[in-house]
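Enquirer: Have a look at this one before I ask anything.
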Amino acid sequence: MISNVVARFGLLALRVFHCLRHSTDHVLQSSHRFLLRMSRRGGDNNTSCAWRDYGRPVLERVGHILWVAVIYLFSQLLIWALNLALSESHTEFLSSILGMVLIWVVMVVLQQVCPGSDGFYRRNIKPKVDFINNNLGLAFPVPIVAISKSELLGGGGIGRVIATFINTNVIFWTLAFLLSWGILACVLGRGGNGCWGRWRRKTSPEEPWQPSDGPTPRLDLPPQTASRRPSESTTLNGTTITGYHTDKEAGMVPDSTTVSAYFTDSDCPTPIPPPPGAAPETQPRLSESSQASGRQPSTRFSWARECYPIVLAVFFLAVVGIPVSCTTGDDRILDGCMLWLTWISSTRGQRIFRRSSLLVDRPGLKTKATTLLNPVLLTTLVMMAYIRAKAAASGTSLEETVGRFKGFQRLANIWTDLTLYRSDPIPDMYTWFGAGDAALSLLECGIVVWGFKLYECRQQIWSRAGIVVLLMSVAMAALNVFVSVLLAGAVRLGAPEAFAFAARSTTLALARPAMEALLGNEIVNAALVVSNGILGQLAYPFLLRKLGIEDCGDADEEVEKPDDSAITIAAGTAIGINGAAMGVSYLYERKSRAAPYAVLSMTMFGVMTVVFTAVDPFTKALRGLPFWELSSPVTSLFDD
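The sequence shown maps to residues 30 to 669 in our numbering.
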């Protein structure tokens, strides 16, 4: 009853306002909304607006954090279960990859059985998966930061590693892209235009898809009257929809209706419409957006919303990390807070600089500066300085400080030791889980949740292009394993360092078993993988723009295209093969159309790299390469 009285009083106030506005032309349009708000809410207006603008976003973000924690715990439990199942065959390294495939299969089957599950996923799970994916870079600096002085090579060894690093990158980046593009151009080619004509068209930036020249279909809407006001204009698949809000649509009475349109997800290049049952929850309400436009948060609140993760990280560092370290002597929480503070400050700083007005008149220089402010690069440099400064300040050796930061233990292995070997005393070194190990466990979680990303882009997987990408990845894995080792031996690198190049661009979760099988240098391999990723992230903005592959990270609407071009698929294949997890994370963060092909190539390339290095007869073939007698002083390591 009270709500009806309030609504009727609001309608009366509106009629009075319409009667007076002919004689008060100077009254601002904003006073209309002000009068309605005052009549509807009275003295509670400020409180309700403050709750919508400040309280509700805080609670939503707390809920998101809890969801992320649940997804992380679920992924680690899944990895642990698969780790136990694969222990008999000694293929535990495939647990994260199999977890990704299992998630993808379950989601595809669930969508077929229960179509409404797609809407639930997009509303409740997808934003958290995107958050995990956007912060996978937190783990990439850990192998570089954990390098100690005793594990460093001499000047000659470093020079040979750098020379081989340059040679392999030039060869395999070029070969992977050109070979993939050539095959895809022939497989996907239609008509008699020829490969050269298609290349000429694809070297120019890809333009958004536009509808045909025919008459554009429009919605039949009633004409605008004095009581109607124009609202937002939106586009949906080339169709212009102009919404008009009546007083009823504006929410003045409880029984309001809205005009809405479904926007497809921009993460997946080929939009997959949701089931009808999921449409109402995902549809943006024009009346709600028009009301929100009238209560935009202040600039101060917008700045606080952008920088609050940094303030929160500083708070935990000062209130939790430092006191716990001083009272207990355990630096793991301190290291974790410092790592998170460095990462979140780097990411937010790069974002703020990119959106700021600095160097706006020199876009080229601003693009280069934004690229150099790479969060992975900045986090690596800051954490290396932090580890060495902490070792010097505490009087401990660098090796001990690095060992506390990263214990080289997976969470699944620790759980296995604690549950299966409870009767036997377990040394602390087997159960130590440092901040670096926690960051690497986030990388494993990210690989598992990529199964959701494969589900989003399932149309690309079941296509001719997807099959070509898989076959190309197998071929490139075989070439990379043998040719990279031969190139390393040609510059007279030692056997452990040369074998590190066999998995030079394989994600860290899969590179470890390859190095264990070949007795390769794991430190050099980790440095190669991370260096590939960092250099790739520095070069991707320039190279993708030159190839005409534009990302849609800042787009508000989905740009629909009939299909993906050969050059886009080839770029994704090359990035997945050479850039590994860092390249895939970059493409997904930018919502690039090449992202699903990158994760396909990365997965197949990594798995086949392990097969070609850790499974006989390929392992014996690598160990028996004839040039070792001339170039390696440690051939005896592999003598029976």
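Glycine residues also receive a C-beta, built at the ideal position from the N, C-alpha and C atoms.
Whole angstroms are fine: how far does the CA of Gln488 sit from the CA of Thr311?
Expert: For this step, residue 311 is matched to residue 282 along the sequence shown. For this step, residue 488 is matched to residue 459 along the sequence shown. At Thr311 the pLDDT is 42, less than 50, meaning the model places this residue with poor confidence and gives no usable figure here.
Enquirer: Pull up the distance between the alpha-carbon of Ser375 and that of Leu564, whole angstroms please.
Expert: For the purposes of this step, residue 375 is identified with residue 346 of the sequence shown, where counting begins at 1. For the purposes of this step, residue 564 is identified with residue 535 of the sequence shown, where counting begins at 1. Computed Cα separation, rounded: 17 Å.
Enquirer: Roughly how many angstroms lie between the CA atoms of Gly183 and Phe511, to the nearest whole one?
Expert: By 1-based counting over the sequence shown, the position of residue 183 is 154. By 1-based counting over the sequence shown, the position of residue 511 is 482. Whole-angstrom Cα-Cα distance: 25 Å.
Enquirer: Quick check on the burial criterion: 16 or more other C-beta atoms within 10 angstroms. Buried or exposed for Gly185?
Expert: Start at 1 with the first residue of the sequence shown, and residue 185 comes out as number 156. Exposed, since its Cβ has fewer than 16 Cβ neighbours within 10 Å.
Enquirer: In this structure, how does DSSP classify Glu117 when only helix, strand and coil are distinguished?
Expert: Taking the sequence shown and counting its residues from 1, one reaches residue 117 at position 88. Correct three-state label for Glu117: coil.
Enquirer: Going straight from the alpha carbon of Pro338 to that of Ser621, what length do you get?
Expert: Taking the sequence shown and counting its residues from 1, one reaches residue 338 at position 309. Taking the sequence shown and counting its residues from 1, one reaches residue 621 at position 592. Approximately 26 Å, taken between the alpha carbons.
Enquirer: CA-CA distance, Ile191 and Arg361?
Expert: Taking the first residue of the sequence shown as position 1, residue 191 is located at position 162. Taking the first residue of the sequence shown as position 1, residue 361 is located at position 332. Approximately 33 Å between the Cα atoms of the pair.
Enquirer: From this set, Phe206, Gly92, Pro352, Tyr615, which residue's C-alpha is nearest Tyr569's C-alpha?
Expert: On the sequence shown, position 540 is the one that residue 569 refers to. It is Tyr615 whose Cα lies nearest to the Cα of Tyr569.
Enquirer: Can you give me the C-alpha to C-alpha distance between Gln105 and Val477, rounded to a whole angstrom?
Expert: Residue 105 sits at position 76 when you count from the first residue of the sequence shown. Residue 477 sits at position 448 when you count from the first residue of the sequence shown. Straight-line Cα distance between these residues: approximately 9 Å.
Enquirer: Which parts of the region 142-221 are runs of the alpha helix (DSSP H), unbroken and 4 residues or longer, counting only runs that do not cross its ends?
Expert: 146-149, 155-163, 171-174, 184-217
Enquirer: Just the Cα atoms here: how many angstroms apart are Ala494 and Thr638?
Expert: Here the question's residue 494 lines up with position 465 in the sequence shown. Here the question's residue 638 lines up with position 609 in the sequence shown. Those two C-alpha atoms are separated by around 21 Å.
Enquirer: Have a look at Ala475 and Val514 and give me their C-alpha separation to the nearest angstrom.
Expert: Counted from its first residue, the sequence shown places residue 475 at position 446. Counted from its first residue, the sequence shown places residue 514 at position 485. A quick correction: the sequence has Gly, not Ala, at residue 475. Taking the straight line from one Cα to the other gives about 29 Å.
Enquirer: Could you give the distance in angstroms between the alpha-carbon of Ala506 and the alpha-carbon of Val216?
Expert: To locate residue 506, count along the sequence shown from 1; it is residue 477. To locate residue 216, count along the sequence shown from 1; it is residue 187. About 21 Å.
Enquirer: If the criterion is Cβ atoms closer than 8 Å, does the pair Tyr626 and Thr642 meet it?
Expert: Position 597 of the sequence shown, counted from the first residue, corresponds to residue 626. Position 613 of the sequence shown, counted from the first residue, corresponds to residue 642. No, these two residues do not count as a Cβ contact at 8 Å.
Enquirer: Use the C-beta contact count for Ser209: other C-beta atoms within 10 angstroms, 16 or more gives buried, fewer gives exposed.
Expert: Numbered from 1 along the sequence shown, position 180 holds the residue referred to as residue 209. It is buried - the Cβ of Ser209 has at least 16 other Cβ atoms within 10 Å.
Enquirer: Which of helix, strand or coil does DSSP assign to Pro352?
Expert: Numbered from 1 along the sequence shown, position 323 holds the residue referred to as residue 352. In this structure, Pro352 counts as helix in the three-state DSSP scheme.
Enquirer: With DSSP collapsed to three states, give me the class of Ser374.
Expert: To locate residue 374, count along the sequence shown from 1; it is residue 345. Residue state, collapsed to three classes: helix.
Enquirer: Only counting the same chain, and skipping five residues up and downstream in sequence, which positions put a Cβ closer than 7 Å to that of Thr197?
Expert: Position 168 of the sequence shown, counted from the first residue, corresponds to residue 197. Ser513, Leu516, Phe530, Arg533.
Enquirer: Tell me where the alpha helix (DSSP H) around Trp479 begins and ends.
Expert: Within the sequence shown, residue 479 is the residue found at index 450, counting from 1. Segment 464-485, the alpha helix (DSSP H) holding Trp479.
Enquirer: Compute the Euclidean distance between the alpha carbons of Leu115 and Leu576, then round it to the nearest angstrom.
Expert: Counting from one through the sequence shown, the residue named residue 115 turns up at place 86. Counting from one through the sequence shown, the residue named residue 576 turns up at place 547. Using only the alpha carbons, I get a separation of about 42 Å.
Enquirer: Among the residues of its own chain, which have a CB less than 6 Å from the CB of Ser423, if the five just before and after it don't count?
Expert: The count along the sequence shown starts at 1 and reaches residue 423 at position 394. Around Ser423: no qualifying Cβ.
Enquirer: Could you tell me which whole beta strand (DSSP E) segments of length 3 or greater appear in the region 540-615?
Expert: none
Enquirer: Does the Cβ-Cβ distance between Gln140 and Asp147 come in under 8 Å?
Expert: Locating residue 140 in the sequence shown gives position 111, where the first residue counts as 1. Locating residue 147 in the sequence shown gives position 118, where the first residue counts as 1. Result yes, Cβ atoms of Gln140 and Asp147 sit closer than 8 Å.
Enquirer: For Lys397, which of helix, strand or coil comes out of DSSP?
Expert: For the purposes of this step, residue 397 is identified with residue 368 of the sequence shown, where counting begins at 1. DSSP places Lys397 in helix when its eight states are reduced to three.
Enquirer: Considering only the beta carbon of each residue, do Leu573 and Ala595 sit closer than 8 Å?
Expert: Looking up residue 573 in the sequence shown gives position 544. Looking up residue 595 in the sequence shown gives position 566. No, the Cβ-Cβ distance between Leu573 and Ala595 is not below 8 Å.
Enquirer: Out of Ser125, Ala342, Ser177, Ile173, point me to the one whose CA is closest to Glu428's CA.
Expert: What you label residue 428 is simply residue 399 of the sequence shown in a count that begins at 1. Closest option to Glu428, Cα to Cα, is Ser177.
Enquirer: Just curious, the alpha helix (DSSP H) that Gly635 is in, first and last residue?
Expert: As a first step, residue 635 must be located in the sequence shown, where it is residue number 606. Gly635 -> alpha helix (DSSP H) spans 624-643.
Enquirer: Determine the DSSP secondary structure at Gly92, reduced to helix, strand or coil.
Expert: Numbered from its first residue, the sequence shown carries residue 92 at position 63. If DSSP states are grouped into helix, strand and coil, Gly92 belongs with the helices.
Enquirer: Rounded to whole angstroms, what is the Cα-Cα separation between Leu123 and Leu388?
Expert: Locating residue 123 in the sequence shown gives position 94, where the first residue counts as 1. Locating residue 388 in the sequence shown gives position 359, where the first residue counts as 1. The straight-line gap from Cα to Cα measures roughly 47 Å.
Enquirer: Taking Gly92 as the reference, which of Phe382, Ile154, Leu406, Phe149 has the closest Cα?
Expert: Mapped onto the sequence shown, residue 92 falls at position 63. Of the listed residues, the one whose Cα sits closest to Gly92 is Ile154.
Enquirer: Alpha carbon to alpha carbon, what distance is there between Gly393 and Val613?
Expert: One-based indexing of the sequence shown puts residue 613 at position 584. One-based indexing of the sequence shown puts residue 393 at position 364. The alpha-carbon atoms of Val613 and Gly393 are separated by roughly 25 Å.
Enquirer: Does Arg439 pass the burial test, meaning 16 or more other C-beta atoms within 10 Å, or should it be called exposed?
Expert: As a first step, residue 439 is located in the sequence shown; it is residue number 410 there, counting from the start. With 16 or more other CB atoms across the displayed protein chains lying within 10 angstroms of its CB, Arg439 is buried.
Enquirer: Rounded to whole angstroms, what is the Cα-Cα separation between Gly518 and Phe194?
Expert: Walking along the sequence shown from the start, residue 518 turns up at place 489. Walking along the sequence shown from the start, residue 194 turns up at place 165. Rounded to the nearest angstrom, the two C-alpha atoms are 12 Å apart.
Enquirer: So what does DSSP say about Val130, is it helix, strand or coil?
Expert: Taking the sequence shown and counting its residues from 1, the one referred to as residue 130 is at position 101. Val130 falls in the helix class under three-state DSSP.
Enquirer: Which whole-angstrom value describes the C-beta separation of Asn550 and Glu526, a residue pair presumed to lie in contact below a C-beta threshold of 8 Å?
Expert: Taking the first residue of the sequence shown as position 1, residue 550 is located at position 521. Taking the first residue of the sequence shown as position 1, residue 526 is located at position 497. Between Asn550 and Glu526, the beta carbon gap of about 5 Å places them in contact (Cβ cut-off 8 Å).
Enquirer: Which residue from Ile200, Ala524, Arg391 puts its Cα closest to that of Leu508?
Expert: To locate residue 508, count along the sequence shown from 1; it is residue 479. Of the candidates Ile200, Ala524, Arg391, Ile200 places its Cα closest to the Cα of Leu508.
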